[in-house]
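S.K.: Residue numbers (the numbering used here), protein chains in the order written: chain C, 1 to 556; chain H, 557 to 1112.
The beta carbon of each residue, even a glycine, is placed where N, CA and C say it ideally should be.
Just so it is clear, the structure is predicted and the values come from calculations on it, not from any experiment.
Take a look at this one; I'll ask things after.
Number of protein chains: 2
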Amino acid sequence: MANHYTAAPQAYHFPLIIKQLLNRSKVTSQHQEIVYADKMRMTYNELFSRIAKLANVLEGLNLDKGDVVAVMDWDSHRFLESYFAIPMSQYVLQTVNVRLSPDKVLYTINHAKPKVLLLNSEFAPMVKDYQFENSSIEHIIWLDDNGVSSEGVFGVNQSRLLGEYEALLADASDEFEFQDFDENTIATTFYTSGTTGNPKGVFFSHRQLVLHALAEAATLGVLPQKQGLVLGDVYMPITPMFHVLAWGFPYTATMIGLKQVYPGRYAPDALIKLIKEEKVTITHCVPTILQMLLKQAESEGYTFNGLKMVVGGSSLTEGLAKTSLASGIEVYTGYGMSETAPLIGLTEFRADDPEMSIDEDAKRRSLTGKPVMMVDAKIWDGECKAMPQDGKQTGELVLRAPWLTQSYFKNADAGEELWQGGYMHTQDIAYMTEDGTLKITDRLKDVIKSGGEWISSLEIETILSLHPAVADVAVIGVKDEKWGERPLAAIVLKPNCQDVSIEDIKAIAEKAAEKGMIPKYGVPEYYKIVDDLPKTSVGKHDKKLMREQFTGQTSI
Amino acid sequence: MANHYTAAPQAYHFPLIIKQLLNRSKVTSQHQEIVYADKMRMTYNELFSRIAKLANVLEGLNLDKGDVVAVMDWDSHRFLESYFAIPMSQYVLQTVNVRLSPDKVLYTINHAKPKVLLLNSEFAPMVKDYQFENSSIEHIIWLDDNGVSSEGVFGVNQSRLLGEYEALLADASDEFEFQDFDENTIATTFYTSGTTGNPKGVFFSHRQLVLHALAEAATLGVLPQKQGLVLGDVYMPITPMFHVLAWGFPYTATMIGLKQVYPGRYAPDALIKLIKEEKVTITHCVPTILQMLLKQAESEGYTFNGLKMVVGGSSLTEGLAKTSLASGIEVYTGYGMSETAPLIGLTEFRADDPEMSIDEDAKRRSLTGKPVMMVDAKIWDGECKAMPQDGKQTGELVLRAPWLTQSYFKNADAGEELWQGGYMHTQDIAYMTEDGTLKITDRLKDVIKSGGEWISSLEIETILSLHPAVADVAVIGVKDEKWGERPLAAIVLKPNCQDVSIEDIKAIAEKAAEKGMIPKYGVPEYYKIVDDLPKTSVGKHDKKLMREQFTGQTSI
């Protein structure tokens, strides 16, 4: 029977490739604006021409399909053009995370092996001593907003310099016939920095990014107007374009045809100026940046006029949600990670939401949200068995979605581990309530496995942090012959509380256990008073290092 | 390079198949309601069980993958279950258009060759004398809301009767492991009735329907809350589920997890009762049904409380848009056809829309709208060359989208014509304005080709209809040796205006030509006063028949 359904010879099968994201805006949004900080403004029509021009510049380099083209830039119109022109030409866009240490940045370049590097002059010092002659990089395109010339930066490698971006585009034709090709072609790659070890490369195909854009538009679109995406919105990223593709929003915004604002390097005063002057209505950022924005706004006496903001990366606390709401920001949580392209969960708002108090409202905004369209999210116990949606039982959050990295780049072992059992392992411990709301309770590697039970280190930390003498606390598991692991609390005392006893601190955990807030076996056995706790480069507790430091030091 | 991007052995490639549409609602919407008129209510959890039960019933029949399962039913929960269970089991769902003449209905069944027929007792008379012994149908499942038994209906064919739907489901297990398979597997087929000739079968794959659902959610989602899709909406179709899959909304609504109401057979009073009592907020229908609803509401003194309604099928006039707005309906235009699954164009509303008068507002709602997400829409001249977006020059609207039928079922010639030049031919004549708004001006077959120029029959009809004596008018092209074709106006006069002269009517066209509203060569040469105009089964002017009737009768 199936063979009767034969496609007509000239029927178009419609590959899900990035150029298709332009179909709608090419006819609906030709005069819509794209703004680069206070430096440049252009229309979508100019964007389309400039994408063609960049493609022509790249075509002149005789690259092979599948070659990597790396970009080191702040958020700019150039980066947006690269998001399209590079993958649409069948090259792989590497968005280089310039926030890593210079060593790690160079590691990611040496690992991905780009043939072309688009380099913002501000990052030239980072690669000045780079051994170009031993590297894959054959061509450098110079990006500059400050009148800094490339002379002298590259020394003997000057010959690799193709020219300055704007000059190259000015000379290029604005006609380019973008071909169709297999939608499973890899479009982008970038590196995710674990707390230790070398960064791992994730990669996404055209199909995956197109489906992510559609699902992002659908999921944010069906939120009420106050929180969701709506035609007429003005979009600006405040999560960098090198970081998980600015959460896919540049693709989504271009597909819809929204006005877009790219802010360059993030400076709180400049960001607020752009939000004000360009009438930005929707953005996304991490809690640290949000705090900077709130501080700056306070100093200026500015309140955000209903700015919609998705917060992710680390958890939005209820306190921060409340402060943001008070400052006029419609803040809520997005959940995802580099491996997930990233959107997986989002706070849900409904047209028929009941009235709620500011506390209830702040709370729901700080939860991990509900799975977005098409996402298959499960909570697994240690044996890949699904846990009930009871809002209590925790396990590892595992995922299927149309846009998850299929492995790690040149790291098959890590990829195999990522996909053990046919679902992608987030390494996040979570529970799910009956209405599908996720709550991340811990990182898998930070969970303490004691006597066959799992103890959430975050839960115990929250309890201990309530003690008036505790300035900072981290709970880790240490080896125990009988139980496998037992919790150890590493505690920094407040300066004026140095004489508090460990028994006194332990008492608060015991009380919480009595009241059923934590399990009895969650009361830490071991305590360690320290001057400070080791932190990772992104400011999180470095528990891996602590586990090494405190091994064998398990006396109370 | 590309070969480094190797998927992990257990990585899930995520086929775009219909079962994935349930991923989100399976965790977020378990207790959400689905209502069947005043007959039945259930939760999504029950829907999921019943889909599994129906799959088990079908599995017992030893069908082959790709076999067709046909449904003849009004809009019901059963139809919704069929939308999922049949394609998810790798059978092809045929939605039988029961509004066709019995002959045509049987033609579509004999052409698609279903092995199973789900038959609502109300349609039993239609198939009573059907020659089952010479047909593909091996099994009949009886659907009934009225206590009508199947006894006596089938005579000697009684043995084909498998049983009554609810009884079969009650006995079936609610566990079914739906497999993954190729996303290009055909999921549904139905027939589009041309004005003459036999109906043609279109068909859609799982991938196409999933992408349509995502794009429909995204496009309607990003409209402002007043017009667009929002969480909390209550959905009810008023375009039948056998007609272009109720415009894909049952899939979209289930993916999002909305409350859904299925109204059974359409009766204006029952529809309004459901809208009122179930708090329906979003629907879609054709102008004829809208007029029925408005009449009924007027008689009840009811005003629709901001009900959102997409109108398609035939064009929403400005007058009807105004009346609907006055009755509290947020009405606007959707454009599509059976071949396009169907959504292609939609009226655009923006959060930053300027204030507009009721006339301006009604006008934009009655235009064909802008292309929806991912759609590549072009206006082609006769040589497959794109026309400019100038709001003036017309040509044929041609399309690429991820969800267009790839041919006609067992009708390769028609399929080849449909896809001539690599774009799907809509046979609609249109222009596009600079902001991407489409305006359909005519059907290609109704265009009059005179001296190398195209004359829009609709435009001339609009002008002639302004004459106070004209009750109805159709303009067609008749053969002309010199010009190729010249327009003929067939006119029905109002009862009290039978003595008006043809010159008098012609004068209004000449005046319009003088003012530049229509081209000079658009003034009809030939006029025919008739008692009434032949209509097709869906109430449109049957111009094909008129062209036959009036050939050689071209005296004034």
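1. For I1074 (chain H), which three-state DSSP category applies?
2. Quick one: Cα of L779 (chain H) to Cα of F905 (chain H), how far?
3. Alpha carbon to alpha carbon, how far is G1007 (chain H) from W1039 (chain H)?
4. Any beta carbon of chain H sitting closer than 8 Å to that of D381 (chain C)?
5. Pull the bridge partners of N676 (chain H) from the DSSP assignment, please.
6. For D736 (chain H), count the other beta carbons within 10 Å of its own beta carbon; 16 or more makes it buried, fewer makes it exposed. Which is it?
7. Which class does T744 (chain H) belong to by DSSP, given the choice of helix, strand or coil?
8. Between P87 (chain C) and chain D, is there a C-beta pair that is closer than 8 Å?
9. Could you check which residue in C:D480, C:I491, C:E277, C:K370 has the C-alpha nearest to that of D38 (chain C)?
10. Just verifying my parser: in three-state terms, what is the DSSP assignment at K535 (chain C)?
11. If you measure from the beta carbon of S705 (chain H) to each beta carbon in chain C, is any gap under 8 Å?
12. Counting only beta-carbon atoms, is G221 (chain C) nearer than 8 Å to chain H?
13. Flag N23 (chain C) as yes if its beta-carbon sits less than 8 Å from any beta-carbon of chain H, otherwise no.
14. Applying a beta-carbon distance threshold of less than 8 Å, which residues of chain C neighbour V583 (chain H)?
15. Helix, strand or coil, according to DSSP, for V478 (chain C) in the structure here?
16. Please state the DSSP three-state secondary structure of A2 (chain C).
17. With a cut-off of 8 Å on the beta carbons, I'd call L438 (chain C) and G345 (chain C) a contact; round off their distance for me.
18. If you draw a straight line from the C-alpha of T1144 (chain H) to the C-alpha of M988 (chain H), how long is it?
19. By DSSP's criteria, C285 (chain C) is part of a beta bridge. Which residues make up the other side?
20. Looking at I463 (chain C) and D442 (chain C), is the spacing between their C-beta atoms short of 8 Å?
21. Buried or exposed, going by whether 16 or more other CB atoms sit within 10 Å of the CB of S555 (chain C)?
22. Could you check what DSSP says for H541 (chain C) in three-state terms: helix, strand or coil?
23. Mind checking whether V648 (chain H) and T748 (chain H) have CB atoms under 8 Å apart?
24. Using the Cβ count rule (16 or more neighbours within 10 Å means buried), how would you classify N23 (chain C)?
25. Counting along the chain, where does the beta strand (DSSP E) carrying T441 (chain C) start and finish?
26. Is T43 (chain C) helix, strand or coil when you go by DSSP?
27. Going by DSSP, what residues sit across from H486 (chain C) in a beta bridge?
28. Looking only at DSSP bridge pairs, what is A70 (chain C) linked to?
29. Can you tell which of H:T599, H:S657, H:L923 has its C-alpha closest to the C-alpha of Q816 (chain H)?
30. Mind pulling the chain C residues with CB within less than 7 Å of L770 (chain H)?
31. Any idea if D413 (chain C) is buried or exposed, counting beta-carbon neighbours within 10 angstroms, 16 or more meaning buried?
32. Could you please give the first and the last residue of the uninterrupted beta strand (DSSP E) stretch that includes S205 (chain C)?
33. Return the CA-CA distance between L699 (chain H) and Q10 (chain C), expressed in angstroms with no decimal places.
34. For a contact defined as C-beta to C-beta under 8 Å, what are the partners of S963 (chain H) on chain C?
35. Specify the secondary structure class of V492 (chain C) as computed by DSSP and reduced to three states.
36. Where does I344 (chain C) sit, in a helix, a strand or coil, going by DSSP?
M.R.: Looking at the coordinates:
1. On the second sequence, position 518 is the one that residue 1074 (chain H) refers to. In this structure, I1074 (chain H) counts as coil in the three-state DSSP scheme.
2. For the purposes of this step, residue 779 (chain H) is identified with residue 223 of the second sequence, where counting begins at 1. For the purposes of this step, residue 905 (chain H) is identified with residue 349 of the second sequence, where counting begins at 1. Distance between the alpha carbons of L779 (chain H) and F905 (chain H) is about 6 Å.
3. By one-based count along the second sequence, residue 1007 (chain H) stands at place 451. By one-based count along the second sequence, residue 1039 (chain H) stands at place 483. Here the alpha carbon of G1007 (chain H) sits roughly 5 Å from the alpha carbon of W1039 (chain H).
4. Numbered from its first residue, the first sequence carries residue 381 (chain C) at position 381. For D381 (chain C), the answer is no, since every Cβ of chain H falls outside 8 Å of its Cβ.
5. Sequence index remark: in the second sequence, residue 676 (chain H) carries index 120 (1-based). Under DSSP, the beta-bridge partners assigned to N676 (chain H) are H:L699.
6. The residue given as residue 736 (chain H) occupies position 180 in the second sequence. D736 (chain H) should be labelled exposed.
7. One-based indexing of the second sequence puts residue 744 (chain H) at position 188. Looking at T744 (chain H) - three-state DSSP - the assignment turns out to be strand.
8. In the structure shown, chain D does not exist; the protein chains are C and H.
9. As a working mapping, residue 38 (chain C) is identified with position 38 in the first sequence. Nearest of C:D480, C:I491, C:E277, C:K370 to D38 (chain C), Cα basis: C:E277.
10. The residue labelled residue 535 (chain C) in the question sits at position 535 within the first sequence. Per DSSP, reduced to three states, the secondary structure at K535 (chain C) is strand.
11. Taking the second sequence and counting its residues from 1, the one referred to as residue 705 (chain H) is at position 149. Output row for S705 (chain H): interface = no.
12. In the first sequence, counting from the first residue as 1, residue 221 (chain C) sits at position 221. So yes, G221 (chain C) belongs to the interface.
13. As a first step, residue 23 (chain C) must be located in the first sequence, where it is residue number 23. So yes, N23 (chain C) belongs to the interface.
14. Start at 1 with the first residue of the second sequence, and residue 583 (chain H) comes out as number 27. Those within 8 Å of V583 (chain H) in chain C are K370, P371, A377, Q389, M432, G436.
15. Locating residue 478 (chain C) in the first sequence gives position 478, counting from the first residue. Looking at V478 (chain C) - three-state DSSP - the assignment turns out to be strand.
16. In the first sequence, the residue the question calls residue 2 (chain C) occupies position 2. Model confidence at A2 (chain C) stands at a pLDDT of 47, short of 50, so the residue's coordinates are unreliable; what they give is reported in the following sentence. Under the three-state reduction of DSSP, A2 (chain C) is assigned to helix.
17. Position 438 of the first sequence, counting from 1, holds the residue named residue 438 (chain C). Position 345 of the first sequence, counting from 1, holds the residue named residue 345 (chain C). The beta-carbon distance between L438 (chain C) and G345 (chain C), rounded to whole angstroms, is 5 Å. This is short enough to meet the 8 Å contact definition.
18. As displayed, chain H neither begins before 557 nor continues past 1112, which places residue 1144 (chain H) out of reach and without an answer.
19. Taking the first residue of the first sequence as position 1, residue 285 (chain C) is located at position 285. When DSSP reads this structure, C285 (chain C) sits in a beta bridge with C:V311.
20. Reading the first sequence from its first residue, position 442 is the one you call residue 442 (chain C). Reading the first sequence from its first residue, position 463 is the one you call residue 463 (chain C). Not in contact: D442 (chain C) and I463 (chain C) (Cβ atoms no closer than 8 Å).
21. Position 555 of the first sequence, counted from the start, is the residue given in the question as residue 555 (chain C). Since pLDDT at S555 (chain C) reaches only 49, below the 50 mark, its modelled position is unreliable, and the value read off the structure follows with that caveat. The residue is exposed, with fewer than 16 neighbouring Cβ atoms inside 10 Å.
22. Working through the first sequence from its first residue, we reach residue 541 (chain C) at position 541. Note: H541 (chain C) maps to strand in three-state DSSP.
23. Position 92 of the second sequence holds residue 648 (chain H). Position 192 of the second sequence holds residue 748 (chain H). Result no, Cβ atoms of V648 (chain H) and T748 (chain H) do not sit closer than 8 Å.
24. Indexing the first sequence from 1 puts residue 23 (chain C) at position 23. Answer is buried; the Cβ neighbour count reaches 16.
25. In the first sequence, counting from the first residue as 1, residue 441 (chain C) sits at position 441. Segment 438 to 443, the beta strand (DSSP E) holding T441 (chain C).
26. As a working mapping, residue 43 (chain C) is identified with position 43 in the first sequence. Taken through DSSP and simplified to helix, strand or coil, T43 (chain C) comes out as strand.
27. Position 486 of the first sequence, counting from 1, holds the residue named residue 486 (chain C). Here residue 486 (chain C) is Arg; the residue named in the question, His, does not match the sequence. According to the DSSP secondary-structure assignment, R486 (chain C) is paired through a beta bridge with C:V478.
28. What you label residue 70 (chain C) is simply residue 70 of the first sequence in a count that begins at 1. Residue pairing for A70 (chain C): DSSP places it in a beta bridge opposite C:Q94, C:L117.
29. Here residue 816 (chain H) refers to the residue found at position 260 of the second sequence. Among H:T599, H:S657, H:L923, the Cα nearest to that of Q816 (chain H) belongs to H:T599.
30. The residue you call residue 770 (chain H) lines up with position 214 of the second sequence. For L770 (chain H), the residues of chain C that pass the 7 Å Cβ criterion are L214, A215, A218, M373, in the order they occur in the chain.
31. Position 413 of the first sequence holds residue 413 (chain C). It is exposed - the Cβ of D413 (chain C) has fewer than 16 other Cβ atoms within 10 Å.
32. In the first sequence, the residue the question calls residue 205 (chain C) occupies position 205. Counting along the chain, the beta strand (DSSP E) containing S205 (chain C) begins and ends at 200 to 205.
33. By one-based count along the second sequence, residue 699 (chain H) stands at place 143. By one-based count along the first sequence, residue 10 (chain C) stands at place 10. Computed Cα separation, rounded: 41 Å.
34. The residue given as residue 963 (chain H) occupies position 407 in the second sequence. Those are Y5, T6, A7, A8, A11, listed as they occur along chain C.
35. In the first sequence, the residue the question calls residue 492 (chain C) occupies position 492. The DSSP-derived three-state label of V492 (chain C) is strand.
36. Counting from one through the first sequence, the residue named residue 344 (chain C) turns up at place 344. The answer is strand: DSSP assigns I344 (chain C) an E or B state.
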